[in-house]
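Asks: Numbering (the working numbering), first residue to last: 5 to 471. Ideal Cβ positions, reconstructed from N, Cα and C, are used throughout, including at glycine. The structure follows.
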Amino acid sequence: MLRSALVILSGNAAASLLLLARNLIVARLIPVADYGIAATFAIAMAVVEMMSQLGLQQQIVQAKNGEDPRFQAALQGFQVLRGVIAGIALFALAGPLADFMNVPQAAWAYQVMALVPVLNAFTHFDVHRLNRSMVFLPVILTGAVPALLSVLAVWPLAMVYGDYRVMLYAIVVQALMTAVTSQLVARRPYRLVLDRAVMTQSLRFGWPLLVNGILLFGVFNGDKMIVGRELGMETLAIFAMGFSLTLTPTLVMAKSAQNFFLPQISVVDRTTPEGAARFTHLSLVTMQVSLLNGAILVLAIILVGGPVVHLLLGTKYAALLALMGPLAVMQALRVAKAGGAIVALADGRTGNAMQSNLARVATLPLAWYVITQGAGLGIVILIATLGELFGFALSLYLVRRTSGVALLRMLGPVLFSGIFFALALVLPALGSLPDWVLPVGLTLGIALTVLSMKDLLRYVMRRRADT
Numbered sequence: 005m006l007r008s009a010l011v012i013l014s015g016n017a018a019a020s021l022l023l024l025a026r027n028l029i030v031a032r033l034i035p036v037a038d039y040g041i042a043a044t045f046a047i048a049m050a051v052v053e054m055m056s057q058l059g060l061q062q063q064i065v066q067a068k069n070g071e072d073p074r075f076q077a078a079l080q081g082f083q084v085l086r087g088v089i090a091g092i093a094l095f096a097l098a099g100p101l102a103d104f105m106n107v108p109q110a111a112w113a114y115q116v117m118a119l120v121p122v123l124n125a126f127t128h129f130d131v132h133r134l135n136r137s138m139v140f141l142p143v144i145l146t147g148a149v150p151a152l153l154s155v156l157a158v159w160p161l162a163m164v165y166g167d168y169r170v171m172l173y174a175i176v177v178q179a180l181m182t183a184v185t186s187q188l189v190a191r192r193p194y195r196l197v198l199d200r201a202v203m204t205q206s207l208r209f210g211w212p213l214l215v216n217g218i219l220l221f222g223v224f225n226g227d228k229m230i231v232g233r234e235l236g237m238e239t240l241a242i243f244a245m246g247f248s249l250t251l252t253p254t255l256v257m258a259k260s261a262q263n264f265f266l267p268q269i270s271v272v273d274r275t276t277p278e279g280a281a282r283f284t285h286l287s288l289v290t291m292q293v294s295l296l297n298g299a300i301l302v303l304a305i306i307l308v309g310g311p312v313v314h315l316l317l318g319t320k321y322a323a324l325l326a327l328m329g330p331l332a333v334m335q336a337l338r339v340a341k342a343g344g345a346i347v348a349l350a351d352g353r354t355g356n357a358m359q360s361n362l363a364r365v366a367t368l369p370l371a372w373y374v375i376t377q378g379a380g381l382g383i384v385i386l387i388a389t390l391g392e393l394f395g396f397a398l399s400l401y402l403v404r405r406t407s408g409v410a411l412l413r414m415l416g417p418v419l420f421s422g423i424f425f426a427l428a429l430v431l432p433a434l435g436s437l438p439d440w441v442l443p444v445g446l447t448l449g450i451a452l453t454v455l456s457m458k459d460l461l462r463y464v465m466r467r468r469a470d471t
């Protein structure tokens with residue numbers, strides 16, 4: 005079981021690190037302002053995804069009839085319909101979106117981006133169905149191979165264009181190869197069925213995820229849109245790069261935790277006392293893993309983030325160094341919040357993530373206001389961090405209320421991780437301390453956090469004994 009976890013983590017990490025490498029290479033090869041425009045392409049895609057996110061990939065894992073070939077074909081048919089509608093919507097919104105971001109010259113690029121949701125829609129769902137049997141290689145290859153090809157496309161594209169078009173066409177290459185790779189590694193033939201009953205079932209399952217997609221747009225891109233519109237493309241480039249450097253490991257951790265724990269929790273029969281106890285145990289393990297993932301992210305960013313930024317990006321992004329620690333804490337709270345969402349999803353409740361993201365989105369008007377009053381990126385990050393903190397607290401409450409998971413054994417992990425995050429923010433600001441204080445203090449903090457996670461330690465020790 006632990007071997008499967010390592011496979012998932014390494015596979016997801018490979019794909020995400022390749023895409024991060026692509027972004028870093030593009031940032032080095034093109035001017036800072038052009039990278040700011042390139043960063044808006046992700047915003048354009050998110051506009052469409054937020055309007056059409058129904059969690060069909062998660063549904064085939066969670067649904068009791070997920071192995072049914074016709075059910076899979078119906079989900080694939082619905083996915084293609086969704087992708088075509090999303091592509092048409094992005095094409096229509098290209099002009100208004102470019103005008104809002106004050107880059108009207110890039111409207112044509114947003115129209116080209118309309119191909120991406122259509123291409124992604126032809127991804128074979130077999131790669132997700134196989135997760136039910138703890139077979140993860142197909143979904144890993146579907147993520148990693150297109151990412152590698154997208155990276156390899158950067159150099160010839162840079163030689164031809166040398167501006168934001170490098171990122172545009174690299175994204176199109178990735179989308180095309182995602183669909184192709186998924187077809188090549190699938191075990192079942194690819195079929196499309198339009199089934200009204202399955203669509204209705206998917207809409208019932210996915211409407212909270214659809215609303216959550218809208219909220220996630222605000223979470224991931226709201227601050228970027230505000231920064232880009234009010235402070236310009238160069239400032240957006242700095243902010244977007246910092247966001248990517250800290251968000252990429254966050255997404256790897258959250259996706260890996262979901263891939264690994266969602267199938268395990270979903271199959272638990274809660275009608276027996278033993279099953280109910282196991283559900284609670286696995287739920288606590290999932291939430292503790294998510295909290296620990298956030299702490300590990302902060303430790304890595306605080307200790308090596310600055311030198312890595314300087315090495316990879318040079319002096320063009322020197323303003324980013326002071327923002328890395330606060331951004332890491334903000335993203336750590338995000339990945340911690342994902343634990344409760346996984347538990348709720350395994351219980352067939354897709355509204356947890358939606359509701360917990362409301363707290364984060366509610367901070368956007370305040371962020372916009374303070375920027376118009378002259379505040380810098382540091383204040384924007386602080387406001388976002390408070391939003392994530394409230395969202396994390398709400399996600400724990402929802403798990404207790406809707407899934408009936410007692411949270412007493414989460415008190416220690418929450419307390420010690422909170423102390424660790426506070427140290428990560430305060431210690432770097434105290435510049436007069438000896439050099440050894442920061443690494444020793446943070447290492448001690450994360451060690452105490454791990455020791456407080458009794459369910460996670462018991463889970464690991466049991467798995468080691470089984471192997």
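Quick one: grab the DSSP three-state call for F394.
Replies: Here residue 394 refers to the residue found at position 390 of the sequence shown. The answer is helix: DSSP assigns F394 an H, G or I state.
Asks: Please check if any C-beta of chain B sits within less than 8 Å of the C-beta of A350.
Replies: Structure shown: chain B not included; a single protein chain is present.
Asks: Determine the contact status of N361 and G395, defining contact as a CB-CB distance below 8 Å.
Replies: Locating residue 361 in the sequence shown gives position 357, where the first residue counts as 1. Locating residue 395 in the sequence shown gives position 391, where the first residue counts as 1. Cβ atoms of N361 and G395: closer than 8 Å.
Asks: Decide yes or no for the touch test of the stretch 324–339 against the stretch 185–202: beta carbon pairs closer than 8 Å, at least 3 of them.
Replies: Contact between the stretch 324–339 and the stretch 185–202 is absent, because fewer than three Cβ pairs lie under 8 Å.
Asks: Using a Cβ-Cβ cutoff of less than 6 Å, which residues in the same chain neighbour R274 once the five nearest sequence positions on both sides are dropped?
Replies: Working through the sequence shown from its first residue, we reach residue 274 at position 270. Here the set comprises A280, F283.
Asks: Hey, V293 and A258 are a contact pair by Cβ (cut 8 Å); roughly how many whole angstroms apart?
Replies: Stepping through the sequence shown from its first residue, residue 293 is reached at position 289. Stepping through the sequence shown from its first residue, residue 258 is reached at position 254. Going by Cβ atoms, the distance from V293 to A258 rounds to 10 Å, so no, they are not a contact pair.
Asks: Less than 8 Å between the C-beta atoms of V202 and F82, yes or no?
Replies: For this step, residue 202 is matched to residue 198 along the sequence shown. For this step, residue 82 is matched to residue 78 along the sequence shown. Taking 8 Å as the Cβ cut-off, V202 and F82 qualify as a contacting pair.
Asks: Can you tell me where the alpha helix (DSSP H) holding A322 begins and where it ends?
Replies: Here residue 322 corresponds to residue number 318 of the sequence shown, with the count starting at 1. Segment: none, A322 is in no alpha helix (DSSP H) and carries neither H nor E.
Asks: Keeping to the same chain, check which residues put their C-beta closer than 6 Å to that of L23; ignore five residues upstream and five downstream.
Replies: Looking up residue 23 in the sequence shown gives position 19. Taken in chain order, the residues that qualify are A151.
Asks: I think F45 touches I175, with their Cβ atoms under 8 Å apart; what is that distance to the nearest whole Å?
Replies: Here residue 45 corresponds to residue number 41 of the sequence shown, with the count starting at 1. Here residue 175 corresponds to residue number 171 of the sequence shown, with the count starting at 1. With 8 Å as the limit, F45 and I175 qualify as a contact, their Cβ atoms being about 6 Å apart.
Asks: Relative to the C-alpha of D351, which residue among R26, Q62, I34 is closest?
Replies: By 1-based counting over the sequence shown, the position of residue 351 is 347. When each option's Cα is compared against that of D351, the closest is Q62.
Asks: Are I47 and Y168 close, meaning C-beta to C-beta below 8 Å?
Replies: For the purposes of this step, residue 47 is taken as residue 43 along the sequence shown, with counting starting at 1. For the purposes of this step, residue 168 is taken as residue 164 along the sequence shown, with counting starting at 1. For I47 and Y168, no; Cβs fall outside 8 Å.
Asks: Looking at the secondary structure, which residues open and close the alpha helix (DSSP H) in which M245 lies?
Replies: In the sequence shown, residue 245 corresponds to position 241, counting from 1. Segment 237–270, the alpha helix (DSSP H) holding M245.
Asks: Inspect the CB distances between the stretch 116–136 and the stretch 64–82 and report whether three or more fall short of 8 Å.
Replies: Segments in contact, yes.
Asks: Tell me which residue opens and which closes the alpha helix (DSSP H) that H314 is part of.
Replies: Position 310 of the sequence shown holds residue 314. That run of the alpha helix (DSSP H) goes 277–317.
Asks: Ignore the nearest five residues each way along the sequence and tell me which others in G177's own chain have a CB closer than 8 Å to its CB.
Replies: Here residue 177 refers to the residue found at position 173 when the sequence shown is read from its first residue. Correcting the residue type first, residue 177 is Val in the shown sequence and not Gly. Cβ within range, chain order: P150, L153, S154, A157.
Asks: Does the separation of the CB atoms of A366 and D199 fall below 8 Å?
Replies: Locating residue 366 in the sequence shown gives position 362, where the first residue counts as 1. Locating residue 199 in the sequence shown gives position 195, where the first residue counts as 1. No, Cβ-Cβ distance for A366 and D199 is not below 8 Å.
Asks: From which residue to which residue does the alpha helix (DSSP H) around Q66 run?
Replies: Walking along the sequence shown from the start, residue 66 turns up at place 62. Unbroken alpha helix (DSSP H) run through Q66: 60–66.
Asks: Can A93 and Q115 be called in contact, C-beta distance under 8 Å?
Replies: In the sequence shown, residue 93 corresponds to position 89, counting from 1. In the sequence shown, residue 115 corresponds to position 111, counting from 1. Taking 8 Å as the Cβ cut-off, A93 and Q115 do not qualify as a contacting pair.
Asks: Can you grab the Cα-Cα spacing for the pair T146 / M171, in whole Å?
Replies: The count along the sequence shown starts at 1 and reaches residue 146 at position 142. The count along the sequence shown starts at 1 and reaches residue 171 at position 167. Taking the straight line joining both Cα atoms gives about 20 Å.
Asks: Taking Cβ positions, are I269 and V347 nearer each other than 8 Å?
Replies: In the sequence shown, counting from the first residue as 1, residue 269 sits at position 265. In the sequence shown, counting from the first residue as 1, residue 347 sits at position 343. Cβ distance < 8 Å, so I269 and V347 count as in contact.
Asks: Contact between the stretch 232–245 and the stretch 24–43 is defined here as three or more beta-carbon pairs at a separation below 8 Å; is this criterion met?
Replies: Verdict: yes, contact present.
Asks: Do A183 and I306 have their CB atoms nearer than 8 Å?
Replies: Translated into the one-based positions of the sequence shown, residue 183 becomes position 179. Translated into the one-based positions of the sequence shown, residue 306 becomes position 302. The answer is no: Cβ separation not under 8 Å.
Asks: Could you name the residues of the same chain whose beta carbon sits closer than 8 Å to that of T252, not counting the 5 residues immediately before and after it, in chain order?
Replies: Counted from its first residue, the sequence shown places residue 252 at position 248. So the list reads S20, L21, L23, L24, once near-sequence residues are dropped.
Asks: For E234, count neighbouring Cβ atoms within 10 angstroms of its own Cβ and tell me buried if that reaches 16, exposed if not.
Replies: To locate residue 234, count along the sequence shown from 1; it is residue 230. So E234 ends up on the exposed side.
Asks: Less than 8 Å between the CB atoms is what I'm expecting for L288 and R413, so what's the real figure, rounded?
Replies: Counting from 1 along the sequence shown, the entry for residue 288 is found at position 284. Counting from 1 along the sequence shown, the entry for residue 413 is found at position 409. Yes, L288 and R413 are in contact; Cβ-Cβ is about 6 Å, under 8 Å.
Asks: Which residues in the same chain have their Cβ closer than 6 Å to the Cβ of Y165, if we skip the five residues on either side of it in sequence?
Replies: Taking the first residue of the sequence shown as position 1, residue 165 is located at position 161. If we look at Y165 and ignore the five residues flanking it on each side, it has no Cβ neighbours.
Asks: Leaving out five residues on either side along the sequence, give the residues of the same chain with a beta carbon under 7 Å from the beta carbon of A363.
Replies: To locate residue 363, count along the sequence shown from 1; it is residue 359. Taken in chain order, the residues that qualify are G391, F394, G395, L398.
Asks: So F129 packs on Q80, CB below 8 Å; how close in whole Å?
Replies: Residue mapping note: residue 129 aligns to position 125 of the sequence shown, counting from 1. Residue mapping note: residue 80 aligns to position 76 of the sequence shown, counting from 1. With a Cβ gap of about 5 Å, F129 and Q80 count as contacting.
Asks: For Y373, does the three-state DSSP call read helix, strand or coil?
Replies: Taking the sequence shown and counting its residues from 1, the one referred to as residue 373 is at position 369. Helix at Y373.
Asks: Judging by CA-CA distance, which residue of I230, K341, M138, V441 is the nearest neighbour of M105?
Replies: The residue labelled residue 105 in the question sits at position 101 within the sequence shown. Among I230, K341, M138, V441, the Cα nearest to that of M105 belongs to I230.
Asks: I need the boundaries of the alpha helix (DSSP H) containing T182, first residue and last residue.
Replies: Within the sequence shown, the letter at position 178 stands for residue 182. Counting along the chain, the alpha helix (DSSP H) containing T182 begins and ends at 169–189.
Asks: Verify whether the separation of the beta carbon atoms of F425 and V302 is less than 8 Å.
Replies: By 1-based counting over the sequence shown, the position of residue 425 is 421. By 1-based counting over the sequence shown, the position of residue 302 is 298. Taking 8 Å as the Cβ cut-off, F425 and V302 qualify as a contacting pair.
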